[in-house]
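Have a look at the structure below, then the notes.
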Amino acid sequence: MKLIIDHGDILSYKADALLLGMFKEHELAGDLAKINDALNGALKKALDDKDFSADTKETLSLTTQGSLPYKRILILGLGKIDEFKEDHLRRACGFGAKALRSVGMKTIASRLHANLPKDHFDQGKVSAEGFALGLYQFLHHKTRDTDKIKVLDTVTILGTDKTDAEALRKGATEGELLANATNYVRNLVNEPANIITPTRLAAEAKRIAKEHKLKLTVLEEKDMAKLGMHSLLAVTKGSNEPAKFIILEYGKGDKSIAFAGKGITFDSGGLSLKPSPYMEDMKIDMGGAAAVLGTMKAIASLKLPVKAYGVIATCENMPSGHAIRPGDIVKAMNGKTIEILNTDAEGRLILADALSFIEAKIKPRYVIDLATLTGACVVALGHEATAVLGHDDAFIQKLLDAGQDSFERTWRLPLWEEYKERMKSDIADVRNINVVRGGEAGTITAAVFLNHFIEKTTWAHLDIAGTAYITEEKDYLPKGATGMGPRLLVELVKRL
Ligand code: BES
Ligand code: ZN
Ligand code: ZN
């Protein structure tokens, strides 16, 4: 999709379609009055006849019969003005653009932003995100009937005059960049596990490093063995794909943050094999790693004043004659021994070494890990929020605020002392699952486990099991990978 920021009169601007918004019970003023007049009162008639009442997501499509330069004008209901929040504009842009694409419109001009009573920067940013995120499609594996795929190729955000357009452009540039990083994450997560292998993730890191002049280190299994990363190496043992440990570095200074991503390119469960229904979904188990790559890309493109590290532990979790067995005990890089009671709780095993590495070798001011870690998180929060856990209230609050602002929302779960008991092993330092009473509080006990490997640094754990991918499309979120990560974390970095 090409995004243009322009200015002009809506009565003479040229595009296939014009997209406008209307609040419930609002007067016909401004853009709406102009269009109503140009169409001989067609909009007023629809309202009088109760064909359209501007409820949220209600649409009124008007044809122009050549009286205006558009084939159609789509008026999108925005609901009640006092209930309209920033994310509603994002949703309206995504929803409206998809509606126009579905009827074959290729170029559209939008005035939807004019309904957000905030500054121009936000209007431009949020609209650009809504359009670029909403119009995303993952279709490149389709080889037949591709000419029937509808593509909306140009969106113009239309300002009233030059100053208006310039102000919108600043926000739109940032919004488009964040949407591109998000769509990049979506592509990685949507690709199947035979394409996105650990080797491929390392190749992606190399591409990003080259493009943005970042420092890159990729550790091979022999390097990991030298460092004592036997927890990560235990997980990869059942697979034929070589594991990789990736470190990307951006920027300078002492305001430093490391992002650690779980990069299980396929999670079969290992010998604690998952049941077959939905096992295919486990190609998304590298969602944390993809989010880290997308975030590094976004931070570097925005040239944010921070020192950022992207650390990715990546391998497959497969059953085989070489695979780890339930009951095996391994030693992580920080020297702690782990009793592996369930090989499907593998994400925490690879993160144990990633976090140990960060604490011992990188020593940043802050650490955030992102992982599709527990099914329990989906049970607790569904697909609406990422679980956030950690000890530093001020840092966690920043993640909660960044979640509200980016609308990649986060919700805190406790990490109290009392939960620690659950992860004690009789014969090793720690065990990898909570076997007490059917594994209750699964998201929390997973974080308790991780906490054993990051003890000195300000740390937050993000469980993105419910937010990395969804099974039903929403306004600007497609079915499949959501691309969560870059928008939330860029917002966080701005707050540090
Ligand atoms: N990758 C899964 C968690 C997951 C589940 C992510 C659903 C996305 C959607 C993780 O490795 C896993 O299998 N976790 C187990 C842990 C259990 C064995 C303690 C789980 O959640 O069942
Ligand atoms: Zn698993
Ligand atoms: Zn997993």
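Per the numbering used here, the very first residue in the sequence shown carries number 41; after that it's consecutive.
We put the beta carbon where it would ideally sit given N, CA and C, even for glycine.
In the structure shown, what three-state DSSP assignment does His47 receive? strand
Run the proximity test for Asp384: is its beta-carbon closer than 7 angstroms to any non-hydrogen atom belonging to ligand 2? yes
With distances taken from CA atoms, which of Ala481, Leu395 and Val530 is nearest Lys460? Ala481
What ranges does the alpha helix (DSSP H) occupy inside the region 314-380, keeping only unbroken runs of at least 4 residues that lie completely in it? 327-341
Please determine whether the Cβ atom of Glu473 lies at a distance below 7 angstroms from any heavy atom of ligand 1. Looking at the sequence itself, residue 473 is Ile, so the reference to Glu does not match. Within the cutoff, so yes.
At what residue ranges does the region 89-161 contain a whole run of the alpha helix (DSSP H), taking only runs of 4 or more? Correct list: 126-142.
How would the residue list near ligand 4 read, in chain order, if you kept each one whose beta-carbon is closer than 5 angstroms to any heavy atom? Absence of ligand 4 from the depicted structure is noted, with ligand 1, ligand 2 and ligand 3 being the only ligands included.
Determine the burial state of Gln105: buried for a count of at least 16 other Cβ atoms within 10 Å of its Cβ, exposed for fewer. exposed
In the DSSP output, what is Arg471 paired with across the bridge? In the DSSP output, where bridge partners are listed per residue, Arg471 has Glu379.
Please tell me whether Ala500 and Ile436 are closer than 8 angstroms, where the distance is taken between their beta carbons. yes
Segment contact flag, the region 233-250 with the region 328-344, C-beta cutoff 8 angstroms, min 3 pairs: yes
Which first and last residues belong to the beta strand (DSSP E) in which Arg452 is found? Thr450 to Arg452
Looking at the secondary structure, which residues open and close the beta strand (DSSP E) in which Ser296 lies? Ser296 to Asp307
DSSP state of Tyr53 mapped onto helix, strand, coil: coil
Report the option in Thr305, Leu311 and Phe397 whose CA atom is closest to the CA atom of Tyr349. Phe397
Same chain, Cβ closer than 8 angstroms to Lys182, neighbours up to 5 away in sequence not counted: For Lys182, the CB contacts under 8 angstroms within the same chain, skipping 5 residues up- and downstream, are Ile189 in chain order.
Determine the direct distance from the alpha carbon of Asp368 to that of Ala468, and round the result to whole angstroms. 10 angstroms
Between the Cα of Leu51 and those of Ala385, Arg226, Ala149 and Ala168, spot the shortest distance and give me the residue it belongs to. Ala149
What are the complete alpha helix (DSSP H) segments, minimum 4 residues, inside the region 238-273? For the alpha helix (DSSP H) assignment, the uninterrupted runs of no fewer than 4 residues enclosed by the region 238-273 are, from N- to C-terminal side, 238-252 and 261-267.
Between which two residues does the beta strand (DSSP E) carrying Thr194 extend? Thr194 to Gly199
Just to confirm, is the Cβ distance from Leu2 to Pro359 under 8 angstroms? The displayed coordinates of the chain run from 41 to 536. Any statement about residue 2 would go beyond what the structure contains.
Hey, is the region 495-514 in contact with the region 262-281, meaning 3+ C-beta pairs nearer than 8 angstroms? no
For Ile297 versus Leu68, is the C-beta distance shorter than 8 angstroms? no
May I have the straight-line CA-CA distance separating Leu506 from Leu79, to the nearest angstrom? Note that residue 506 is Gly in the sequence shown here, rather than Leu. If you take the alpha carbons of Gly506 and Leu79, they lie about 46 angstroms apart.
Under 8 angstroms, do Val156 and Val166 count as touching if we go by C-beta distance? Val is not the amino acid found at residue 156; the sequence shown has Leu there. Contact: yes.
Should Gly215 and Lys302 be called a contact, given that it needs their Cβ atoms to be closer than 8 angstroms? no
Inspect the beta-carbon positions of Gly479 and Leu455 and report whether they are closer than 8 angstroms. no
Looking at the structure shown, is Tyr509 part of a helix, part of a strand, or coil, going by DSSP? Here Tyr509 sits in strand by DSSP.
With DSSP collapsed to three states, give me the class of Lys460. helix
Assign Phe285 to one of three DSSP states: helix, strand, or coil. strand
Are there 16 or more other CB atoms within 10 angstroms of the CB of Asn234, so buried, or fewer, so exposed? exposed
Proximity below 8 angstroms, CB of Ala57 to CB of Ile324: no
Taking the continuous alpha helix (DSSP H) assigned at Leu25, which residues delimit it? Beyond the ends of the chain as shown, which are 41 and 536, falls residue 25; an answer cannot be given.
Looking at Gly482 and ligand 2, is the gap between the Cβ and the nearest heavy atom below 7 angstroms? no
Go ahead and pull the three-state DSSP assignment for Asp409. strand
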